[in-house]
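Chemist: Those protein sequence lines, which keep their order, are chains X and U. Quick note on full-length UniProt numbering: the first sequence kicks off at 1 and runs consecutively. Quick note on full-length UniProt numbering: the second sequence kicks off at 1 and runs consecutively. Virtual Cβ for every residue (Gly too), placed ideally from N, Cα, C.
Number of protein chains: 2
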Amino acid sequence: MALSDEGTATGRVPGIADLDTPCLLLDEGRLTRNVAAMRARLDGFGVAFRPHLKTAKSLDVARLAMASPAGPAMVSTLREAEYFAQGGVRDMIYGVGIAPSKLDRVGAIRAAGADLALILDSVAQADAVAAWSRGHADRLPALIEVDADGHRSGVAPGDGALLAEIGRRLVEGGAELRGVLLHAGDSYGLSDPGAIARAAEAEREAAVTAAGILRAAGLPCPVVSVGSTPTARFAQGLAGVTEVRAGVFMFGDLFQAGVGSVGIADIALSVLASVIGHQRQKGWIIVDAGWMALSRDRGTARQAVDQGYGIVCDATGRPYPDLIVADANQEHGIVALRPGATAALPDLALGARIRILPNHACATGAQHDRYHVLDGAGEVHAVWPRIRGW
Amino acid sequence: MALSDEGTATGRVPGIADLDTPCLLLDEGRLTRNVAAMRARLDGFGVAFRPHLKTAKSLDVARLAMASPAGPAMVSTLREAEYFAQGGVRDMIYGVGIAPSKLDRVGAIRAAGADLALILDSVAQADAVAAWSRGHADRLPALIEVDADGHRSGVAPGDGALLAEIGRRLVEGGAELRGVLLHAGDSYGLSDPGAIARAAEAEREAAVTAAGILRAAGLPCPVVSVGSTPTARFAQGLAGVTEVRAGVFMFGDLFQAGVGSVGIADIALSVLASVIGHQRQKGWIIVDAGWMALSRDRGTARQAVDQGYGIVCDATGRPYPDLIVADANQEHGIVALRPGATAALPDLALGARIRILPNHACATGAQHDRYHVLDGAGEVHAVWPRIRGW
Chain X
1 MALSDEGTAT
11 GRVPGIADLD
21 TPCLLLDEGR
31 LTRNVAAMRA
41 RLDGFGVAFR
51 PHLKTAKSLD
61 VARLAMASPA
71 GPAMVSTLRE
81 AEYFAQGGVR
91 DMIYGVGIAP
101 SKLDRVGAIR
111 AAGADLALIL
121 DSVAQADAVA
131 AWSRGHADRL
141 PALIEVDADG
151 HRSGVAPGDG
161 ALLAEIGRRL
171 VEGGAELRGV
181 LLHAGDSYGL
191 SDPGAIARAA
201 EAEREAAVTA
211 AGILRAAGLP
221 CPVVSVGSTP
231 TARFAQGLAG
241 VTEVRAGVFM
251 FGDLFQAGVG
261 SVGIADIALS
271 VLASVIGHQR
281 QKGWIIVDAG
291 WMALSRDRGT
301 ARQAVDQGYG
311 IVCDATGRPY
321 PDLIVADANQ
331 EHGIVALRPG
341 ATAALPDLAL
351 GARIRILPNH
361 ACATGAQHDR
371 YHVLDGAGEV
381 HAVWPRIRGW
Chain U
1 MALSDEGTAT
11 GRVPGIADLD
21 TPCLLLDEGR
31 LTRNVAAMRA
41 RLDGFGVAFR
51 PHLKTAKSLD
61 VARLAMASPA
71 GPAMVSTLRE
81 AEYFAQGGVR
91 DMIYGVGIAP
101 SKLDRVGAIR
111 AAGADLALIL
121 DSVAQADAVA
131 AWSRGHADRL
141 PALIEVDADG
151 HRSGVAPGDG
161 ALLAEIGRRL
171 VEGGAELRGV
181 LLHAGDSYGL
191 SDPGAIARAA
201 EAEREAAVTA
211 AGILRAAGLP
221 CPVVSVGSTP
231 TARFAQGLAG
241 VTEVRAGVFM
251 FGDLFQAGVG
261 SVGIADIALS
271 VLASVIGHQR
281 QKGWIIVDAG
291 WMALSRDRGT
301 ARQAVDQGYG
311 IVCDATGRPY
321 PDLIVADANQ
331 EHGIVALRPG
341 ATAALPDLAL
351 GARIRILPNH
361 ACATGAQHDR
371 YHVLDGAGEV
381 HAVWPRIRGW
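1) Would A117(U) and L78(U) qualify as a contact pair, given that the criterion is a beta-carbon distance under 8 Å?
2) Rank P51(U), R105(U), L24(U) and N34(U) by C-alpha distance to the C-alpha of L19(X) and give the top, closest one.
3) Can you confirm whether N34(X), when its beta carbon is compared against all beta carbons of chain U, has any partner nearer than 8 Å?
4) Could you run through the segment 14–33 of chain X and flag, in chain order, every residue whose CB is less than 8 Å away from some CB of chain U?
5) Can you list the beta strand (DSSP E) stretches of 3 or more residues lying completely in the segment 358–383 of chain U, in chain order?
6) For the segment 67–96 of chain X, which residues have a CB atom closer than 7 Å to at least one CB atom of chain U, in sequence order?
7) Mind checking who S270(X) pairs with in its DSSP beta bridge?
8) Which partner residues does Q279(U) have in the DSSP bridge list?
9) Once the 5 residues before and after W284(X) are set aside, which same chain residues still bring their CB inside 6 Å of it?
10) For a contact meaning CB atoms closer than 8 Å, what does R355(X) contact in chain U?
11) Beta-carbon of E379(X) versus every beta-carbon of chain U: anything under 8 Å?
12) Counting along the chain, where does the alpha helix (DSSP H) carrying M92(U) start and finish?
13) Mind checking D297(U): buried by the 16 CB within 10 Å criterion, or exposed?
14) For T342(X), does the count of other Cβ atoms within 10 angstroms reach 16, so buried, or fall short, so exposed?
15) Can you give me the C-alpha to C-alpha distance between G194(X) and F234(X), rounded to a whole angstrom?
16) Who are the Cβ neighbours of G15(X) in its own chain at under 7 Å, not counting the five residues just before and after it?
17) Using a beta-carbon distance cut-off of less than 8 Å, what residues from the segment 290–307 of chain X approach chain U?
18) By the 10 Å Cβ neighbour count, where 16 or more other Cβ atoms means buried, how is R302(X) classified, buried or exposed?
19) Thinking C-beta only, is G258(X) closer than 8 Å to T231(X)?
20) Who are the neighbours of K54(U) on chain X, taking C-beta pairs under 7 Å?
21) Within the continuous beta strand (DSSP E) that includes A142(U), where are the two ends?
22) With which residues is H136(X) paired in a DSSP beta bridge?
23) Let me know the secondary structure DSSP gives P319(X) once reduced to three states.
24) Could you give the residue range of the alpha helix (DSSP H) that holds I166(U)?
25) Can you find a CB in chain U that lies within less than 8 Å of the CB of L348(X)?
26) Is there a Cβ from chain B that is less than 8 Å from the Cβ of G389(X)?
27) What residues in the segment 102–130 of chain X bring their beta carbon closer than 9 Å to a beta carbon of chain U?
28) Since I believe H360(X) is in contact with F249(X) (beta carbons under 8 Å), could you give me their beta-carbon distance rounded to a whole number of angstroms?
29) Does the separation of the CB atoms of V244(U) and V224(U) fall below 8 Å?
30) Could you have a look at G179(X) and say whether DSSP puts it in helix, strand or coil?
31) Do G167(X) and R134(X) have their C-beta atoms closer together than 8 Å?
32) Of the residues G290(U), A126(U), P72(U) and V35(U), which one's Cα is nearest the Cα of A326(U)?
33) Grab me the residues of T21(X)'s own chain with a C-beta within less than 8 Å of its C-beta, minus the 5 sequence neighbours each way, in chain order.
34) Thinking C-beta only, is A70(U) closer than 8 Å to G88(U)?
35) Just to confirm before moving on: does the CB-CB distance between F49(U) and A67(U) stay below 8 Å?
36) Please list, in chain order, the chain X residues whose beta carbon lies closer than 8 Å to that of P51(U).
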């Protein structure tokens, strides 16, 4: 099958029985429903939706998720920004704190027509962005990253002196202050809708506080951007917020199911694998999807239900009771019943095909170059390429 | 820079200061020394060396590791087999139990001139391989996988009835019985050279036992293949073995350093990253290498010394005392001193470059499309592409 390097698929589409294993399957119906539900939810709050494309890394998926072919969208690498810009996306935020050495690439993407904005959380970054702006006659737009919950980067929301100083350096130095951006990453550690709603409210309040500080200092703050899949799913109010970002919800995964952000029946992504052996006395079925196909992500190990390297389903996507990928080597998955299971091990012959629901859609997707897209009948009706790298 | 899709690099080579981060660095001197040491060790035992190319996935690296440009070599996917065959490798074993649906691809690789052998551990596989051989006038060579230590696949070495039955089905069915193959994967859980030497002896003894059973049944067993990086490093005798396989030793990694198979100063692979922020009150330095660049592999978490997501070095590769990637998000690494450290956090400014030694070379390498190859002066002198997929 011919795949264009950086576009959508062309050529013959194989049937699911013809696919080489392991490979990645994407249930388009579930994807579309997940996106529609999120869009309806955020429409109800009157806020814009900026899908994070770091999970999908695919223009075909992006076009289903974005409000328009031009965006808005969020990206995690400049490679994504370049790829999506070539595909017509015009409104993007690069959501990783900017390093000065990356500004020339940012400028090139902008010069080609995309409005790519940056994030930063230090005076040093603001000065570098302002200096680049002056030197290149392009007022780079930047959002100040604010730390909602201490999990990673960002200015403390109450540190008004630093917020205003960063903002002033940008504006007076010749760049553009576009707003504030937060990501409530600690919500990933929760599993109770009420607790996630409180995390969403803390994220919202920190965002509005930071925006208020900038505005009180006479600085602009048109964008107030928050988001994570859990807080987007359970926020009860978004007053003062202008946009919400989320990405992994599109596909869902077992980790987000453990958090409660998605249901297992909503998970759109799976890995198709073949049985390649048995160790019957141990209750093991060996399959050709190891950690290279599933990723090394074991995020559910820290949750109430440890899903191993994933839940095992039949070829149509129906989970077998209590059957998981209990362990994985590079190209081998060891399928077994979970500890304490009362179900019987299914009789899967050599060559039988299974589907594995992943712990983490971002990590599992990244191990593959393409999606085999399933229609409502479970047949492959398209192949969508995905990108990688930086 | 122009990179051919499936060959060696062409065009301009960037200096290390010009590289976009994150990216993968390969110290060619260390690689060459690691290979030379393994080759000298195995030469001393009078056994052939079949490098496993699943870590490298690069023709440039393969040519340094193999005894000749034609091999022998070991691969973990048919994609690797196709790629290396196109690059002139003629003697390969595909080291994952064969699924019948893959035999047509195996046949195509063989028809193009490469002697690609299979492994299997069941009568059902032997019958499928024999049937394919009869149907295509190509006697597919197969090795019987024997289970040295119960860690994954393979026939129990003392199960003479099953070994002989598989062998007979192959030979009488029209395929070729090429020998037996073992992988002492449980040696990865050890850390004492004496214990690893005992694991190597158990692997050797199981191999020789299985080969003896086949020969006693009047069946051929020309190849007796064993190997893993730890057992290849510490085996004290290899009588009856014809070849040894190992792969990750070429690059080394922190997991193998924890096992004792390599020294930290031998690790040839690292990820170059840039500082993108600070959380000074927490003692955190934020860098642009997260788990996407480092992989989700946390293998050292189960060892005596947990290296987080990797040891942090300066741009020349010298480790900072007690500095590790303590946590990682998709595109963010959180660099911090390890718990209990007495060293001071180094003062790394915005934009400063670091190198991160990985937990697992196979997993980290797989996140990247190319190696930036360092010469003895620490300068990039070549870019070598690497492949992925199945």
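Modeler: So, to answer that:
1) Stepping through the second sequence from its first residue, residue 117(U) is reached at position 117. Stepping through the second sequence from its first residue, residue 78(U) is reached at position 78. In this structure, L78(U) does not lie closer than 8 Å to A117(U) by Cβ.
2) In the first sequence, the residue the question calls residue 19(X) occupies position 19. Comparing Cα positions, the closest option is R105(U).
3) For this step, residue 34(X) is matched to residue 34 along the first sequence. No, its Cβ sits nowhere closer than 8 Å to a Cβ of chain U.
4) Considering only beta carbons, the part of the segment 14–33 of chain X lying closer than 8 Å to chain U consists of D20, T21, P22 and C23, in chain order.
5) Look at the segment 358–383 of chain U and you find these whole runs of beta strand (DSSP E), each 3 residues long or longer: 370–374.
6) Of all residues in the segment 67–96 of chain X, S76, T77 and V96 have a Cβ within less than 7 Å of some Cβ in chain U.
7) If you number the first sequence from 1, residue 270(X) lands on position 270. Note: S270(X) sits in a beta bridge opposite L25(X).
8) Along the second sequence, one-based indexing puts residue 279(U) at 279. Looking at the DSSP output, Q279(U) bridges to W284(U).
9) Here residue 284(X) corresponds to residue number 284 of the first sequence, with the count starting at 1. Result list for W284(X): I334 and A336, in chain order.
10) Against the first sequence, residue 355(X) aligns to sequence position 355. For R355(X), no chain U residue has a C-beta closer than 8 Å to its own C-beta; the minimum C-beta separation is roughly 16 Å.
11) For this step, residue 379(X) is matched to residue 379 along the first sequence. Residue contact check for E379(X) against chain U: no CB pair falls below 8 Å.
12) Looking up residue 92(U) in the second sequence gives position 92. Not the alpha helix (DSSP H): M92(U) falls in the beta strand (DSSP E), residues D91 to Y94.
13) Along the second sequence, one-based indexing puts residue 297(U) at 297. Buried, since its Cβ has 16 or more Cβ neighbours within 10 Å.
14) As a position in the first sequence, residue 342(X) is number 342, starting the count at 1. For T342(X), the number of other beta carbons within 10 angstroms of its own is below 16, and it is reported as exposed.
15) Position 194 of the first sequence, counted from the first residue, corresponds to residue 194(X). Position 234 of the first sequence, counted from the first residue, corresponds to residue 234(X). Near 8 Å, if we compare the C-alpha coordinates of F234(X) and G194(X).
16) By 1-based counting over the first sequence, the position of residue 15(X) is 15. Here the set comprises E379 and V380.
17) Here the close residues are W291, M292, A293, S295, R296, D297 and R298.
18) Position 302 of the first sequence holds residue 302(X). R302(X) comes out exposed.
19) Residue 231(X) sits at position 231 when you count from the first residue of the first sequence. Residue 258(X) sits at position 258 when you count from the first residue of the first sequence. Against a cut-off of 8 Å, the Cβ pair of G258(X) and T231(X) comes out as no contact.
20) Taking the second sequence and counting its residues from 1, the one referred to as residue 54(U) is at position 54. Within chain X, the residues near K54(U) are Q330.
21) For the purposes of this step, residue 142(U) is taken as the residue at position 142 of the second sequence. P141 to V146 is the span of the beta strand (DSSP E), which, as asked, contains A142(U).
22) Here residue 136(X) corresponds to residue number 136 of the first sequence, with the count starting at 1. According to DSSP, H136(X) bridges with nothing at all.
23) Numbered from its first residue, the first sequence carries residue 319(X) at position 319. In the structure shown, P319(X) sits in a strand (DSSP, three-state: E or B).
24) Position 166 of the second sequence holds residue 166(U). Under the DSSP assignment, I166(U) falls in the alpha helix (DSSP H) whose first and last residues are G160 to G173.
25) In the first sequence, counting from the first residue as 1, residue 348(X) sits at position 348. It does not; no Cβ of chain U falls within 8 Å.
26) Checking the listed chains, one finds no chain B in this structure; the protein chains it contains are X and U.
27) The residues in question are K102, R105, L120, D121, S122, A124, Q125 and A128.
28) The count along the first sequence starts at 1 and reaches residue 249(X) at position 249. The count along the first sequence starts at 1 and reaches residue 360(X) at position 360. Not confirmed; about 13 Å, so no contact.
29) By one-based count along the second sequence, residue 244(U) stands at place 244. By one-based count along the second sequence, residue 224(U) stands at place 224. In this structure, V224(U) does not lie closer than 8 Å to V244(U) by Cβ.
30) Walking along the first sequence from the start, residue 179(X) turns up at place 179. G179(X): strand per DSSP, three-state reduction.
31) Working through the first sequence from its first residue, we reach residue 167(X) at position 167. Working through the first sequence from its first residue, we reach residue 134(X) at position 134. No; because the gap between Cβ atoms is not below 8 Å, this pair is not in contact.
32) Position 326 of the second sequence, counted from the first residue, corresponds to residue 326(U). In terms of CA proximity to A326(U), G290(U) leads the group G290(U), A126(U), P72(U) and V35(U).
33) Within the first sequence, numbered from 1, the residue matching residue 21(X) stands at position 21. The residues are L272, A273, S274, D288, A289 and R353.
34) Here residue 88(U) refers to the residue found at position 88 when the second sequence is read from its first residue. Here residue 70(U) refers to the residue found at position 70 when the second sequence is read from its first residue. The answer is yes: Cβ separation under 8 Å.
35) Walking along the second sequence from the start, residue 49(U) turns up at place 49. Walking along the second sequence from the start, residue 67(U) turns up at place 67. A contact, by the Cβ cut-off of 8 Å.
36) The count along the second sequence starts at 1 and reaches residue 51(U) at position 51. Near P51(U) there are no residues of chain X at all, since even the closest Cβ is about 15 Å away, more than 8 Å.
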